[in-house]
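In this note's numbering, the protein residues as written are 275 to 731.
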């Protein structure tokens, strides 16, 4: 079954992700674009370094061209945020072949409307409804290959102070992680004469035997290299470069929540005005920092399509999610790991501080540190999941903790005072409930986990 999740349709290559299904999805997208805009709307097609991504992208582009559309196909591997920017720049729609940070055996298709952010559920529902439908297409359209980098790079110059980054006193170490950022992020640094060292700078469909996911588990070599070279910062992106992973000078992974808070403070000081957008799963750290800075907080359901929609409807300084995606005011309503990396370098250079010092500043503003954990509870039936969620909706307290507020926009979020929360929400991919904990001390976190065990059992 073809289903569009929070960020497109994904399946195992040569299993669910087959030429037949790609043709079905391509024509369904074509029908949506045709009925919404007509043939005057161009369609851009891009792909990441995954196995057969280039072949399917070519097939998709040729199919749409044959059906009457004007199509621009990337001449090489391209990051999702660069393709998305060009959708807005060229007033076009786009199709990206990527499975983001998923294992190497996966491939996927992501539809990007002309507003340059993730397609909303309303749009993807129409695309799914179009599968296997009959519809008229005209004569052959236009078809060309294009380099999508130049327009994005010119735009980037309006958002990033490269001269400031050139003065950074920390050593920059970039882990290409075999991803789509290779040939782009390093090129940007080279063009601006910014010195750096790098590792894993070749495209590999097997991603070096690991995962294209910039988390500590897959950044071990980068972490060791940062530790071995004093006063360094490590940077990486996921498979299609829309997410980021950052290592401070101590070889410690800096969470996306911390990065969002750091950049919120920096951009606010830089003169940016507006709100901050975060998901219900993001840290209370962002709320606390925003409150101290006098910035309004907009909270959405989990998934960047919700963050992106909020960014399109409001003036937003920074919008981000806990899984490693963010964007900023004046940019696109789509995750961009490239600009995230660059802005962290700029924030460090501007303050003349190490990244760990910027982290300490953020926690001082927030008033405390935050500790998180998660447990997963298997539920074989959707009725069991619904019953458990209803159980949490009706709670008045958890152990000795009184529930001070509740939110149900995505699962059930329970506030247990100002700096403590529990979020219970169904997994989007597996038959289980995820329970997220956050508190200002490890001791409180452990007590909450024991109290939840009693309730769930």
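We put the CB at the ideal spot given by N, CA and C, even for glycine.
What you are looking at is a predicted structure, and each value in this text was computed from that prediction instead of being measured.
One alpha carbon belongs to residue 603, the other to residue 542, and they sit about 11 Å apart. Annotated three-state conformation of residue 648 is strand, per DSSP. Here residue 381 carries a strand assignment [DSSP, helix/strand/coil]. The residue from 315, 393, 546 and 539 with its alpha-carbon nearest to that of residue 559 is 539. For the pair residue 476 and residue 515, the Cα-to-Cα distance works out to about 14 Å. Beta-bridge partners assigned by DSSP to residue 471: 447.
Taking residue 694 as the centre and dropping the five residues before and after it, the same chain places the C-beta of 713 closer than 6 Å to its C-beta, in chain order.
Excluding sequence positions up to five before and after residue 706, its CB lies within less than 7 Å of the CB of 650, 651, 652 and 653, all in the same chain and listed in chain order. If you check the CB distance, residue 607 and residue 622 do not come in under 8 Å. Note on geometry: alpha-carbon atoms of residue 611 and residue 572 lie some 21 Å from one another.
For residue 417, there is no enclosing alpha helix (DSSP H); the enclosing beta strand (DSSP E) has its first and last residue at 416-420. Here residue 388 is near residue 366, since their CB atoms are less than 8 Å apart.
Under DSSP, the beta-bridge partners assigned to residue 284 are 382. Here the alpha carbons of residue 455 and residue 423 stand approximately 11 Å from one another.
In this structure, the CA atom of residue 487 is about 14 Å from the CA atom of residue 508. Under the three-state reduction of DSSP, residue 578 is assigned to helix.
Scanning its chain for C-beta atoms nearer than 6 Å, with the 5 sequence neighbours on each side dropped, one finds around residue 481 the residues 378 and 452, in chain order. Secondary structure of residue 602 (DSSP, three-state): strand. Here the segment 344-352 lies against the segment 321-335, with 3 or more beta-carbon pairs under 8 Å apart. A residue is called buried once 16 or more other Cβ atoms fall within 10 Å of its Cβ, and residue 701, having fewer, is exposed. A residue is called buried once 16 or more other Cβ atoms fall within 10 Å of its Cβ, and residue 562 is buried on that count. By the CB criterion at 8 Å, residue 401 and residue 361 fall outside the cutoff.
Secondary structure at residue 708: strand, using DSSP grouped into helix, strand and coil. For the beta strand (DSSP E) assignment, the uninterrupted runs of no fewer than 3 residues enclosed by the segment 275-360 are, from N- to C-terminal side, 283-286, 317-321 and 344-348. Inter-segment contact for the segment 335-342 and the segment 416-432 is present: three or more beta-carbon pairs are separated by less than 8 Å.
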